[in-house]
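First up is the structure itself, then whatever we jot down about it.
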Amino acid sequence: MPEMPEVAGYTKYFEKCALGRKIASARVRDARIVRGLAAGELEKELTGRTFVATRQHGKYLFAQTDGGKWLIEHFGMNGRLWYFEDYGEAPKFDRFLISFESGGALSYVNPRMLGWIGLTEDPGGLIEGKGLGPSALDPLFDYGEFKRIFSGRKGEIKPALMNQKLVAGVGNLYADEILFQTRIHPEMHIARLSEKQLKSVFDTMKEVLRTAVERNGDIGSFPQEYFLPHRRKSATCPACENELETVKIAGRTSYFCPRCQKKEPGQNR
DNA sequence: CTGGTAACCTGGCCGC
DNA sequence: TGCGGCCAGGTTACCA
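Heads up: the first sequence runs through residues 126 to 394, numbered per the numbering used here.
This is the structure in structure tokens:
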């Protein structure tokens, strides 16, 4: 599930149910999910601590304890958080469980085991080390910087939009939404985009992600003129009713409208 | 530098 | 009901 809007939702969720609460126990249910340190060390580091702050960068969630260190959570393709008070509500695929002294527990759920958790003293250092680009909705991330990152770059627009080293937070689904709204074919080469189109990609990215965050990533509640509610096999374009097509780009399925989204410059509406 | 591919994992769904 | 095959909203090592 998680692209940037979902992780924004998880961050709020984390704050609501974990911030300011003392950790009674932390249990790693599947050691493969932990990266960079032993599962036992992570458990020990968190037990008895209290969460004091959160931070989000792209698809990463960080949560700081009063010990100073930050818990890292990356959700992969299917990860999510689930808070419960009654053990009867414990979720399936619970990989990491934090129980609070005052009752209740927060589960890091991850069916496919893609994604990971860890610990760092410095989220900024981790972001830099991974070479992540600016977080997509960061207010300081403006068009000037976006243009600097994209102009002069070769290759197709869609893989670039999904490249976390350029911009952190956009994944396969939201890239499709952004390119549909800007009427740009996913295989369009960056070098062939006009300045106006590039600006439009940036503005649309911000607008789409803001809208998605507001609606907690719930695609069903998106405006009907949006692409994602229609993004499925044999569906039709919300703008022109043409049947949608798919193409594999960078190993992922891209949905697009062959009539609204053209590959050649000057053919876009 | 850029992109294609496969691999990492596991579950859900479709068709036979 | 069972099984094979395919797909899945991410990342990353490796190759061309």
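For each residue, glycine too, the CB sits at the ideal point set by N, CA and C.
In chain order, H199, F200, G201 and G204 place their CB closer than 6 angstroms to the CB of G240, counting only its own chain and leaving out the 5 sequence neighbours on each side. Under the 8 angstroms Cβ criterion, the segment 166-176 counts as touching the segment 190-199, having at least three qualifying pairs. The alpha-carbon separation between S319 and G249 amounts to approximately 34 angstroms.
Distance between G134 and P127, taken at the CA atoms: about 9 angstroms.
Between the segment 204-214 and the segment 174-182, the count of Cβ pairs shorter than 8 angstroms is below three; the stretches do not touch. In the same chain as I344, and ignoring 5 residues on each side of it, the C-beta atoms closer than 7 angstroms to its own belong to L353 and P354, in chain order.
In the DSSP assignment, Y208 falls within the beta strand (DSSP E) that extends over R205 to F209. Under the three-state reduction of DSSP output, H314 falls in the strand class.
At the C-beta level, I315 and F275 come within 9 angstroms of one another. Here Q349 carries a coil assignment [DSSP, helix/strand/coil]. Looking at the DSSP output, R377 bridges to I374. Secondary structure note for D191: it is in no beta strand (DSSP E), with a DSSP letter that is neither H nor E. Taking a 10 Å sphere around the C-beta of D301, we find 16 or more other C-beta atoms and assign the residue as buried.
The alpha carbon of V326 has as its nearest neighbour, out of R152, F139, K283 and K184, the alpha carbon of K283. In the DSSP assignment, F225 falls outside any alpha helix (DSSP H) and within the unbroken beta strand (DSSP E) covering D219 to F225. Here K387 is not near R278, since their CB atoms are 9 angstroms or more apart. Judged by DSSP secondary structure, Q322 falls outside any beta strand (DSSP E) and instead within the alpha helix (DSSP H) spanning E320 to E339.
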